[in-house]
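Residue numbering for the sequence shown follows my numbering, beginning at 2 and increasing consecutively.
Below: the structure, in structure tokens.
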Amino acid sequence: MSLRRHLAAVAGSAVLCLAAAGLAPSPALAAPTDCTAWISGDYAYSTCTSGTGEHSVGVEQSHPLANPILLTGGWTTVGGVSSVRLLPWPVKRIWVNRRG
2 MSLRRHLAAV AGSAVLCLAA AGLAPSPALA APTDCTAWIS GDYAYSTCTS
52 GTGEHSVGVE QSHPLANPIL LTGGWTTVGG VSSVRLLPWP VKRIWVNRRG
């Protein structure tokens, strides 16, 4: 086999390998489910027990001069607990942010 044909074959194989790698299915991700958010003392918390991905707690508090105040906890994986310290103002709502 000539050098030119050998190089063409190698280049063609490389292209096919790269194309196949791009077509390979990636693992399925499902946003977290079975999530709960709650308040205890000066903190708000969230946890999720199913799915994959991450979650964080979200809180809206009301302030007479700076309404609304939005707080979010750190992102954590399923099974972990996200938390955020509350400010000394009334809580209007609490929720769980999900991504994944």
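Using N, Cα and C, we set each Cβ at its ideal position, and we do this for glycine too.
Comparing C-alpha distances from Arg-99 to each of Ser-51, Tyr-44, Leu-88 and Ser-57 shows the shortest one belongs to Ser-57.
In the three-state reduction of the DSSP assignment, Gly-80 falls in the coil class, being assigned neither a helical nor a strand state. Between Pro-89 and Tyr-44, the alpha-carbon positions lie close to 11 angstroms from each other.
The bridge partners DSSP lists for Trp-39 are Tyr-46.
Distance between Gly-54 and Pro-33, taken at the CA atoms: about 6 angstroms. Nearest in C-alpha terms to Val-60, of all of Cys-36, Ala-31, Ile-40 and Asp-35, is Ile-40. A residue is called buried once 16 or more other Cβ atoms fall within 10 Å of its Cβ, and Ser-63, having fewer, is exposed. Inclusion of Thr-37 and Ser-47 in the CB contact set at 8 angstroms is warranted, their separation being smaller than that value. Within the DSSP bridge table, the entry for Gly-59 names Thr-73 and Trp-96 as partners. Taken through DSSP and simplified to helix, strand or coil, Thr-34 comes out as strand.
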